[in-house]
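Taken in sequence, the protein lines are chains A and B.
Every letter in the first sequence is one number past the one before it in the UniProt record's numbering, and letter 129, counting from 1, is 129.
Every letter in the second sequence is one number past the one before it in the UniProt record's numbering, and letter 64, counting from 1, is 64.
To start, the structure under review is shown below, and the notes come after it.
Protein chains: 2
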Amino acid sequence: MGRWEPDTRGRLLHAALELFADQGYDATTAAQIAERAGLTKTTLFRHFADKREVLFQGQPALVAVAIAGVESAPEGATALDLLRAGLLALCEAHVPEQQEIGRQIDRLIAASPELKERAIFKRSAIAAALETTLATRLGDRRLAGVLADLGVRAYYEGFSLWSDTRRDDKLADVVADELAAYESVLPQVTGR
Amino acid sequence: MGRWEPDTRGRLLHAALELFADQGYDATTAAQIAERAGLTKTTLFRHFADKREVLFQGQPALVAVAIAGVESAPEGATALDLLRAGLLALCEAHVPEQQEIGRQIDRLIAASPELKERAIFKRSAIAAALETTLATRLGDRRLAGVLADLGVRAYYEGFSLWSDTRRDDKLADVVADELAAYESVLPQVTGR
DNA sequence: GTCTATACAATGATAGAC
DNA sequence: GTCTATCATTGTATAGAC
């Protein structure tokens with residue numbers, strides 16, 4: 001289907017994961033990643049704005065999925081229903097293989113402040129997108145913001161539990177449990 | 001009190017703000033900032049890990065203040081009392097001049113993805129610190145996390161309101177109002 | 001203990017050829 | 001879409017001056 005090997009971005013991700021596992025993130029140059037994928041540094045930076053984005057290339061699609069999930073919720077849905085619809089869509093976008101890749105990436109993030117900063121930026125991008133959609137549906141910016149924070153927290157905490165201690169459960173269930181735990185703790189905030 | 005001009009970091013911040021206002025963040029080099037402050041690039045990087053940190057140098061102190069605020073709350077304080085104590089301390093650490101500097105920095109952040117990423121990282125650092133302290137006092141990680149998100153949101157939204165439309169009010173009051181608004185909206189999340 | 005001089009590796013941008 | 005080549009800038013490292 002063309003003069004070059006297909007799936008350039010995927011090949012770059014794969015090459016990066018191997019090299020980072022061997023040498024660490026900092027000790028690996030963009031040129032090395034490109035070379036292992038059979039490309040040059042210039043080409044890598046044509047596909048990704050920076051070295052970090054090679055690892056986070058999956059996130060934008062997740063955001064779109066979450067938004068679509070909220071938007072496809074039925075008309076009479078409650079605030080919490082909308083949030084759950086978004087999270088469910090998000091979770092179902094994960095294929096089982098991503099559990100292992102996710103673990104790998106999480107380890108790299110934990111070891112690199114540079115990656116941690118980008119990871120938090122991505123997390124906040126999901127929250128912001130969720131907030132916007134929820135605000136449209138609910139007509140209440142504050143409620144939307146609070147809900148988005150809650151949902152994103154449930155998603156990240158859930159993902160972490162899922163890949164650490166609940167590997168055989170479905171991600172959607174773990175996240176739903178986490179969200180339910182927040183619900184049951186909220187009355188303590190309001191003052192009972 | 002020494003052989004050199006005092007307040008090196010403050011001078012660098014001042015120089016950076018002037019140059020960024022003139023030329024924008026991207027078009028200003030670290031060397032230019034240093035030169036305007038009467039220093040060299042080497043010295044700038046001795047004081048700050050990177051160019052962005054010149055702008056965010058105030059944040060670490062704010063984190064310490066917020067934590068101290070929570071820790072100094074009386075023994076019988078409720079979860080919400082603890083959060084309010086932290087936020088109050090945070091707000092009172094702001095001197096009036098910081099309203100204008102804060103506005104300036106916010107404009108720069110809005111115009112630069114690079115700065116936005118760092119700003120979000122700083123926000124999350126405040127949330128994480130708050131969460132840790134609250135968890136210690138409350139003995140409940142989940143509650144602490146949810147509370148920290150809520151508090152940090154109130155602080156940032158409050159700051160934004162304060163510098164945009166409520167300049168003459170006290171920051172602490174604006175933030176307290178914002179937090180109260182979240183409290184009143186929370187029952188809608190629990191499901192009434 | 002803070003600053004400077006110099007040299008250096010890596011990022012990321014850019015222009016032009018295939 | 002990729003490559004070669006070149007480039008400015010970031011940020012580091014070293015060794016020394018006051």
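C-beta: ideal position from N, C-alpha, C; glycine also.
Per-residue contacts from Q188(B) into chain A (C-beta, under 7 Å) = A79, L143
task = With a cut-off of 8 Å on the beta carbons, I'd call F159(B) and G69(B) a contact; round off their distance for me.
result = Their Cβ separation, rounded to whole angstroms, is 16 Å, which puts F159(B) and G69(B) out of contact at 8 Å.
key: Assigned exposure category for W4(B) - 16 Cβ within 10 Å defines buried   = exposed
task = Using a Cβ-Cβ cut-off of 9 Å, state whether L147(B) counts as contacting chain A.
result = yes
Endpoints, alpha helix (DSSP H) assigned at S124(B) = 113-138
ask   = What's the call for R118(B), buried or exposed, on a 16-neighbour Cβ count within 10 Å?
value = buried
query = Measuring CA to CA, which of A180(A), K51(A), E178(A), A172(A) is closest to A89(A)?
reply = A172(A)
request  = Below 6 Å CB to CB, which residues in the same chain sit around Y182(B) once its five sequence neighbours on both sides are set aside?
outcome  = L150
key: Proximity below 9 Å, CB of S30(B) to CB of F45(B)   = Just to set this straight, residue 30(B) is Ala in the shown sequence, not Ser. Yes, the Cβ-Cβ distance between A30(B) and F45(B) is below 9 Å.
query = Taking any Cβ of chain A, which residues in the segment 161-188 of chain B have a Cβ under 7 Å from it, in chain order?
reply = A181, Y182, E183, V185, L186, P187, Q188
inquiry  = Between L88(A) and chain B, is the shortest Cβ-Cβ distance under 9 Å, so that the two count as touching?
reply    = no
query = Where does D168(A) sit, in a helix, a strand or coil, going by DSSP?
reply = coil
query = Got a sec: is the Cβ-Cβ distance from E117(A) to anything in chain B below 9 Å?
reply = yes
request  = Taking L80(B) and G191(A) to be in contact with their CB atoms under 8 Å, please state how far apart those CB atoms are, rounded to whole angstroms.
outcome  = 6 Å
Supposed contact pair L134(B) and L83(B) - C-beta distance, whole angstroms, cut 8 Å = 7 Å
task = Buried or exposed for R52(B), please, with buried defined as at least 16 other CB atoms from any protein chain shown within 10 angstroms of its CB.
result = buried
inquiry  = Please confirm whether L62(B) has its beta-carbon closer than 9 Å to some beta-carbon of chain A.
reply    = no
ask   = How many Å lie between E114(A) and A37(B) at the Cα?
value = 28 Å
message = Quick check: what's the CA-CA separation for R142(B) versus L130(B)?
response = 13 Å
task = Could you tell me the boundaries of the alpha helix (DSSP H) in which E75(A) lies?
result = E75(A) -> no alpha helix (DSSP H), and no H or E assigned at all.
task = Quick one: list the residues of chain B neighbouring I120(A), beta-carbon separation under 7 Å, in chain order.
result = I120, F121, S124
query = R153(A) touches chain B at which residues, Cβ-Cβ below 8 Å?
reply = G145, V146, D149
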